[in-house]
Amino acid sequence: MCWSLRFCWAFLAVYGADYIMNPNNRNGLSRLFYNPTARSLFFQALILGLLLYFVMTIVGNVMTNLNQRGISTGFGFLSQPAGFGISQTLIEYNETFTFGRTFFVGLLNTLLVSFLGVIAATFLGVVVGISRISPNWLLRKISMVYVEILRNIPLLLQIFFWYYVVLQTLPRPRDSLSFGESIFINIRGVFVPKPVPDAGFSFYIALLVAAVVAVVALTIWAKRRMRDTGQQFPVFWTSIAILFGTAVIGFFITGRPIMLDYPELRGLNFRGGITILPELIALWFALTIYTSTYIGEIVRSGIESVSHGQTEACRALGLNEGHRMKLVILPQAMRVMIPPMTSQYLNLTKNSSLATAIGYPDLVSVFAGTTLNQTGQAIEIISMTMLVYLTISLLVSAFMNWFNRRVALVER
Amino acid sequence: MKKIATLVGATVAIMATAGAHANTLETVKNRGAVQCGVSDGLPGFSATDSSGRWQGIDADVCRAVAAAVFGDAEKVNFVSLTATERFTALQSGEIDILSRNTTWTLTRDASLGLNFTGVNYYDGQGFLVSKDLGVDTAKELDGASVCIQSGTTTELNLADYFRVNGMSYEPVLYDTSDQTVGGFEAGRCDVLTSDQSQLYALRIQLSDPDSAVVLPEVISKEPLGPVVRQGDDAWFNVVKWSLYAMINAEEMGITTANAEEMKSSNDPGIQRFLGVSGNMGELLGVSNDWAFNISKQVGNYGEVFERTVGTGSPLNISRGLNALWSDGGLQYAPPVR
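As given, the protein sequences belong to chains A and B, one line each in that order.
Going by numbering that gives the first Met the number 0, the first sequence opens with residue 0, and the numbers climb by one from there.
Going by numbering that gives the first Met the number 0, the second sequence opens with residue 0, and the numbers climb by one from there.
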């Protein structure tokens with residue numbers, strides 16, 4: 000019957016299908032074939048097997064190739080001394096520390112700029128988003144132009160703009176802009192006084208903690224009272240007064256427990272104080288502004304997704320504009336806003352790797368740049384770097400999903 | 000980013016292919032051109048001129064190899080690489096020779112799976128400072144901001160030098176030499192550090208070259224040379240001897256102009272070198288007139304040096320350590336016999 004291979008397939012297809020389709024012919028095997036559970040298990044096992052084979056082949060190839068080419072492998076390099084300097088380190092670091100340490104220095108720098116970026120982009124984004132639907136014509140148009148221009152210029156160009164065009168026009172150290180002889184701005188960055196704890200510092204901290212506890216207690220009490228009696232209490236302003244008052248009065252009562260280390264020009268550069276690198280500022284501005292345009296659009300669409308009936312209902316109840324936004328519109332808009340917001344936060348974190356273009360010492364610049372080049376361990380380092388971005392993204396994702404579940408509409 | 004793309008690409012290439020570079024010489028001959036990794040623009044070493052042609056002492060090493068293999072110095076594909084990309088590009092087989100002002104060090108020789116084939120320029124690290132800083136020696140640089148190109152031995156030498164002298168510094172890292180010069184000119188840093196030859200090259204790129212000076216200190220040894228993959232001795236030999244041929248040619252007085260008439264010389268050494276007698280080329284796996292082609296089409300080491308970085312070029316660097324051994328320099332090539 001099988002004259003040629005093609006014919007044979009056709010024969011099998013026609014007669015085989017016919018054979019299986021006929022319920023009288025179903026034996027054990029074909030019954031299994033038609034069982035949905037068994038069938039899905041079989042295919043999942045097949046895919047898993049193929050995937051494992053694929054990964055094993057790649058790992059095997061890598062090991063063979065590296066061996067053949069005499070390239071040393073392994074993670075032993077992480078405990079070798081690094082021997083190079085890094086301009087911004089949040090943890091203690093100098094040239095005698097290990098390559099492993101450079102990983103953490105870079106990682107923290109990445110997290111710092113991402114964190115600052117997320118916070119600032121959210122604030123700016125919400126302002127832009129609300130402005131876009133403002134009844135004020137000028138505000139509406141300005142925010143529209145802002146969004147349309149800045150989200151359509153590539154991020155890398157915006158980083159270059161801030162770094163090369165704006166910040167590099169600042170004066171040199173000797174002609175620094177000075178604010179009260181304590182804050183200095185020049186092309187090397189912003190230099191601010193550094194607080195140094197002095198005697199009585201722990202007592203001062205204890206006072207501040209007590210103030211925070213008092214504020215929390217006040218909030219709970221006010222909420223409860225409002226629920227029970229309907230009377231309102233100005234929680235916000237009272238809290239501000241308590242916190243600010245404790246901070247200022249406590250500072251003098253405990254005998255000024257914080258000294259300030261002022262930056263001063265010595266030799267070629269400013270010494271002492273805290274230095275905020277121009278690279279950090281440029282990257283932060285660019286990331287914030289670029290991402291805020293997207294967040295603005297998300298906020299706008301979220302607010303517009305809340306039906307107009309809600310606004311009318313608020314007006315009918317006599318709520319003022321602030322209360323309408325805060326208590327009615329935004330909580331409902333949040334449900335629409337959070338999932339796309341997560342993507343923007345992830346984008347911002349990943350975009351921070353463009354830091355390497357202007358020399359901000361982030362993970363990619365320090366670890367996947369200098370460390371890679373000094374050790375030559377490309378595979379290990381690139382894998383570690385990719386894994387870090389994956390982990391950060393998954394963590395942000397997990398947090399935002401949790402938050403999303405909290406604000407989601409609970410259907411009964 | 001291009002850099003990340005290259006690194007990831009090369010990593011994937013290492014993952015996916017199984018040992019495809021056993022015989023580079025054969026691969027090169029079949030391809031019909033040498034893949035040569037050069038810098039992203041360093042005048043005198045490898046940079047494109049106004050007509051888009053790669054010029055420089057590093058670029059000419061690749062031309063010499065092409066002349067030896069194909070008898071045609073133009074059969075070279077130049078690939079521009081940043082300092083960070085260069086080794087990965089060579090390891091993954093994207094290029095056949097890395098000729099990119101690369102310092103020969105033990106780590107690179109022993110752990111990267113690479114071999115340095117020789118030294119085509121003896122260099123040392125120095126400092127470029129702006130004149131109005133009023134600094135005469137590197138010892139006065141305490142606390143300075145220093146612009147560096149990332150991924151270079153320079154970074155390590157700098158750290159060592161400041162540490163040994165008990166001085167502090169702030170490193171400012173850039174990816175390409177253009178950005179480094181940009182940062183220096185804008186005043187982001189007080190000092191630019193690099194190999195001295197590069198400092199001269201970068202200085203003439205400044206909008207006002209007279210505003211900056213190169214400090215006298217040389218803080219390291221930087222022997223620069225071509226690099227090939229380890230474990231392919233035939234190709235290693237071809238690249239190594241192409242460079243030696245240039246140096247030998249200078250020693251024998253063979254130049255682009257007189258190569259043809261030198262063929263009729265009755266000096267047996269020159270006859271052997273130019274392939275008139277003997278089978279030197281065959282032993283290397285190339286044609287017997289390999290050294291003749293190098294001398295005729297690229298020129299001897301001295302000619303190339305003067306043309307690219309020496310007195311015939313804007314860099315105007317003196318031969319110094321790079322003079323022939325017989326003139327008190329370090330350039331020395333084993334004999335062709």
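Every residue, glycine too, gets a C-beta built ideally from N, C-alpha and C.
Remember, it's a predicted structure, so these values are computed and weren't measured experimentally.
Nearest candidate by alpha-carbon position, reference residue i, set the options
i             : options                       : result
residue 313/A : 306/A, 305/A and 323/A        : 323/A
residue 292/A : 89/A, 61/A, 135/A and 153/A   : 153/A
residue 223/B : 48/B, 60/B and 185/B          : 60/B
residue 270/B : 255/B, 281/B, 287/B and 282/B : 287/B
residue 141/B : 148/B, 254/B and 188/B        : 188/B
residue 193/A : 273/A, 98/A, 59/A and 380/A   : 273/A
residue 68/A  : 139/B, 184/B, 165/B and 232/B : 232/B
residue 75/B  : 81/B, 57/B, 83/B and 84/B     : 57/B
residue 162/A : 355/A, 227/A, 120/A and 373/A : 355/A
residue 113/A : 99/A, 372/A and 280/A         : 280/A
residue 193/B : 227/B, 262/B, 82/B and 264/B  : 82/B
residue 174/A : 243/B, 186/B, 73/B and 173/B  : 186/B
residue 119/B : 307/B, 278/B and 164/B        : 307/B
residue 87/B  : 267/A, 54/A and 378/A         : 378/A
residue 346/A : 310/A, 373/A, 318/A and 294/A : 294/A
residue 55/B  : 334/B, 332/B and 302/B        : 302/B
residue 239/A : 215/A, 261/A, 156/A and 220/A : 215/A
Residue i vs residue j beta-carbon contact at 8 Å
i             : j             : result
residue 169/B : residue 134/B : no
residue 36/B  : residue 107/B : no
residue 139/A : residue 131/A : yes
residue 110/B : residue 124/A : no
residue 348/A : residue 391/A : yes
residue 352/A : residue 365/A : no
residue 347/B : residue 268/B : Because chain B spans 0 through 336 in this model, residue 347/B falls outside it and cannot be assessed.
residue 196/A : residue 186/A : no
residue 116/B : residue 272/B : no
residue 89/A  : residue 65/A  : no
residue 328/B : residue 318/B : yes
residue 324/B : residue 283/B : no
residue 205/A : residue 256/A : no
residue 285/A : residue 148/A : no
residue 85/A  : residue 63/A  : no
CB contact check: residue i to chain A, cutoff 8 Å
i             : result
residue 174/B : yes
residue 170/B : yes
residue 87/B  : yes
residue 258/B : no
residue 141/B : yes
residue 318/B : no
residue 90/B  : yes
residue 312/B : no
residue 18/B  : Confidence at residue 18/B is low in this model, with a pLDDT of 46, below 50, so its placement is unreliable and the value that follows should be read with caution. Yes, contact with chain A.
residue 158/B : yes
residue 177/B : no
residue 241/B : no
residue 232/B : no
residue 34/B  : no
Short CB-CB distance (under 8 Å) between residue i and chain B
i             : result
residue 268/A : yes
residue 142/A : no
residue 85/A  : yes
residue 181/A : no
residue 71/A  : yes
residue 163/A : yes
residue 152/A : no
residue 171/A : yes
residue 108/A : no
Presumed contact (8 Å Cβ cut-off) between residue i and residue j, rounded CB distance
i             : j             : result
residue 245/A : residue 217/A : The pair is not a contact, with the Cβ atoms about 13 Å apart (cut-off 8 Å).
residue 63/B  : residue 245/B : 6 Å
residue 290/A : residue 116/A : 7 Å
residue 175/B : residue 102/B : Incorrect: roughly 18 Å between the Cβ atoms, too far for contact.
residue 81/A  : residue 96/A  : 6 Å
residue 172/B : residue 147/B : 6 Å
Chain E within 8 Å of residue i, Cβ atoms only
i             : result
residue 280/A : The question asks about chain E, but that chain is absent: this structure's protein chains are A and B.
- Count the CB pairs spanning the region 116-130 of chain B and the region 202-217 of chain B that are closer than 8 Å, and state whether there are at least three. Yes: the two stretches touch, three or more of their Cβ pairs being nearer than 8 Å.
- Message: Would you call the region 334-351 of chain A in contact with the region 284-298 of chain A, where contact means no fewer than 3 C-beta pairs closer than 8 Å?
- Response: Yes, they touch.
- Query: Do the region 80-94 of chain B and the region 288-296 of chain B make contact, defined as three or more Cβ pairs closer than 8 Å?
  - Reply: Result no; under three Cβ-Cβ pairs closer than 8 Å.
- Query: Are at least three pairs of beta-carbons, each pair with one atom in the region 311-331 of chain B and one in the region 33-52 of chain B, less than 8 Å apart?
  - Reply: Yes: at least three Cβ pairs fall under 8 Å.
- Message: Within 8 Å, do at least three Cβ pairs link the region 52-71 of chain B to the region 25-35 of chain B?
- Response: The region 25-35 of chain B makes contact with the region 52-71 of chain B: 3 or more CB pairs, one atom from each, lie closer than 8 Å.
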